[in-house]
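Novice:
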Amino acid sequence: MLTGIKNWRGVLCGLMVMGLLGGPLAARAEEPEPPLASYDNNWTGGTQGLAIASAAVPNNYFEMADDVVLPTGDTYGLVTNVNVDGEFQAGTNLTSVTVRFYSNSSNLPGSVVYSRTATITGGESSGDFQLALPSTVALRTGQTYWLSVQAQISNIDGNWFWTTRTPQTGNPAAIRKGNDTNCLNVWVTRSICEPNVAFGPDLYFQLIYTPFTPTEFTYLPVINR
1 MLTGIKNWRG VLCGLMVMGL LGGPLAARAE EPEPPLASYD NNWTGGTQGL AIASAAVPNN
61 YFEMADDVVL PTGDTYGLVT NVNVDGEFQA GTNLTSVTVR FYSNSSNLPG SVVYSRTATI
121 TGGESSGDFQ LALPSTVALR TGQTYWLSVQ AQISNIDGNW FWTTRTPQTG NPAAIRKGND
181 TNCLNVWVTR SICEPNVAFG PDLYFQLIYT PFTPTEFTYL PVINR
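As C-alpha cells, then:
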C-alpha cells in the first residue's frame with residue numbers, strides 16, 4: 001500500500017508503521033540541510049549603554065523587547081538560538097533566562113507567540129548570554145516580531161543589564177515594569193518610561209535561524225512485508 005506524508009525541505013520525515021505483518025517498518029526521505037543564517041542587531045558604532053532586563057520578585061521586574069523583521073526570500077525563519085550582550089550588577093545569582101517572542105501591535109509588543117526557558121550554552125557568569133531554544137520558533141519573513149530576553153535573578157538587589165545600541169533599526173526598544181507608574185505592566189517606548197536615561201534606542205542581540213519554505217507534497221511508499 002501507499003501512505004502519503006508531507007515532506008519539507010531541510011526536514012527529515014520519518015514514518016513508523018507498527019504492527020504490519022509482524023513488525024515495524026520505517027520510511028524516511030532525506031534532503032540536504034539549508035545553511036544557517038543570522039539576524040544581527042549588534043553594535044555598529046555610536047552609543048552603548050545598559051538597561052535592566054531582569055526579574056527578582058514577581059512585582060519587581062523589568063522586561064525589555066526590541067523588534068525584529070527577518071529578510072524576505074524564504075517564507076519562514078526557524079529560530080534555534082539567541083545571543084545577547086549584557087552584564088550583571090551585585091553578583092550573578094542567575095536562576096534562568098526566559099526568551100519570548102511577541103507579535104506586533106501598533107509598533108509595540110502585542111500577544112505572546114513564544115515563551116520558553118532557554119538553555120544557557122555560554123556567558124552564564126559574564127552576562128553575555130548564548131542561548132539555545134528548547135523548541136524551534138517559526139517567524140514569518142517580512143513580518144514584525146518583538147524579542148524579549150529576561151534573566152531571572154534570585155538576589156533581590158541583583159540585576160542583569162541588556163546592552164543598548166545605536167543606531168536604531170526599525171522601532172525603538174520597548175519596556176514594561178512591575179514597579180513604575182509610567183509603564184506599570186504596560187508596554188511603552190523606553191524613552192517614555194525612562195526619559196532621563198541617555199542610552200541607545202535599540203538592544204544588542206543576534207538570532208540564529210534556518211531559512212525555510214514549504215514545498216509540495218512528497219509521497220513515500222510504505223510496503224508491507
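Residues in the sequence shown are numbered from 1 upward in steps of one, following the working numbering.
By construction, the Cβ of each residue, glycine as well, lies at the ideal position given by its N, Cα and C atoms.
#1: Would you kindly check if the distance between the Cβ of VAL149 and the Cβ of VAL68 is under 8 Å?
#2: Within this structure, are the beta carbons of ASN171 and ASN107 separated by less than 8 Å?
#3: Using alpha carbons as the reference points, say which of ILE192, SER126 and VAL137 lies closest to THR163.
#4: Sort ASN185, THR144 and VAL186 by Cα distance to THR169 and report the nearest one.
#5: Ignore the nearest five residues each way along the sequence and tell me which others in ASN182's own chain have a CB closer than 6 Å to its CB.
#6: Identify, in the order they occur along the chain, each residue of the same chain with its Cβ nearer than 8 Å to the Cβ of VAL84, setting aside the five sequence neighbours on each side.
#7: From what residue to what residue does the alpha helix (DSSP H) around ILE156 run?
#8: Counting only runs of 3+ residues fully inside the region 84 to 145, write out the beta strand (DSSP E) ranges in chain order.
#9: Going by C-alpha to C-alpha distance, which of LEU36, THR75 and ALA65 sits closest to LYS177?
#10: Buried or exposed: THR119, going by 16 or more other Cβ atoms within 10 Å of its Cβ?
#11: Tell me the rounded alpha-carbon separation between TRP146 and SER135.
#12: Beta-carbon within less than 7 Å of ASP74's beta-carbon, same chain only, minus the 5 sequence neighbours each way: which residues are those?
#13: Can you tell me whether LEU184 is buried or exposed, with buried defined as 16 or more other CB within 10 angstroms of its CB?
#14: Near THR121, which residues of its chain fall below 6 Å by C-beta distance, leaving aside the five closest residues on each side in sequence?
#15: On a CA-only basis, which of ASN104, GLY158 and LEU139 is nearest THR72? Give me that one, please.
Specialist: Put simply:
#1: The sequence position of residue 68 within the sequence shown is 68, counting from 1. The sequence position of residue 149 within the sequence shown is 149, counting from 1. For VAL68 and VAL149, no; Cβs fall outside 8 Å.
#2: For the purposes of this step, residue 171 is identified with residue 171 of the sequence shown, where counting begins at 1. For the purposes of this step, residue 107 is identified with residue 107 of the sequence shown, where counting begins at 1. Yes. Within cutoff.
#3: Position 163 of the sequence shown, counted from the start, is the residue given in the question as residue 163. With distances taken between Cα atoms, THR163 lies closest to SER126.
#4: Position 169 of the sequence shown holds residue 169. For the residues ASN185, THR144 and VAL186, the minimum Cα distance to THR169 belongs to THR144.
#5: In the sequence shown, the residue the question calls residue 182 occupies position 182. Hits under 6 Å: CYS193.
#6: For the purposes of this step, residue 84 is taken as residue 84 along the sequence shown, with counting starting at 1. Around VAL84: ASP128, PHE129, LEU131, VAL149, TRP162, THR163, LEU203, TYR204, PHE205 and GLN206.
#7: Along the sequence shown, one-based indexing puts residue 156 at 156. Run containing ILE156: none; DSSP gives neither H nor E here.
#8: 86 to 89, 94 to 105, 108 to 117, 119 to 122 and 130 to 140
#9: As a first step, residue 177 must be located in the sequence shown, where it is residue number 177. Of the candidates LEU36, THR75 and ALA65, the one whose C-alpha sits nearest the C-alpha of LYS177 is ALA65.
#10: Counting from 1 along the sequence shown, the entry for residue 119 is found at position 119. Burial call: exposed.
#11: Residue mapping note: residue 146 aligns to position 146 of the sequence shown, counting from 1. Residue mapping note: residue 135 aligns to position 135 of the sequence shown, counting from 1. The straight-line gap from Cα to Cα measures roughly 18 Å.
#12: As a first step, residue 74 is located in the sequence shown; it is residue number 74 there, counting from the start. Excluding sequence neighbours, ASP74 sits near THR141, PRO211, PHE212 and THR213.
#13: Indexing the sequence shown from 1 puts residue 184 at position 184. Exposed, because fewer than 16 other Cβ atoms sit within 10 Å of the Cβ of LEU184.
#14: Stepping through the sequence shown from its first residue, residue 121 is reached at position 121. So the qualifying residues of the chain are GLN130 and ALA132.
#15: Residue numbering aside, residue 72 sits at position 72 when the sequence shown is read from its first letter. Of the listed residues, the one whose Cα sits closest to THR72 is LEU139.
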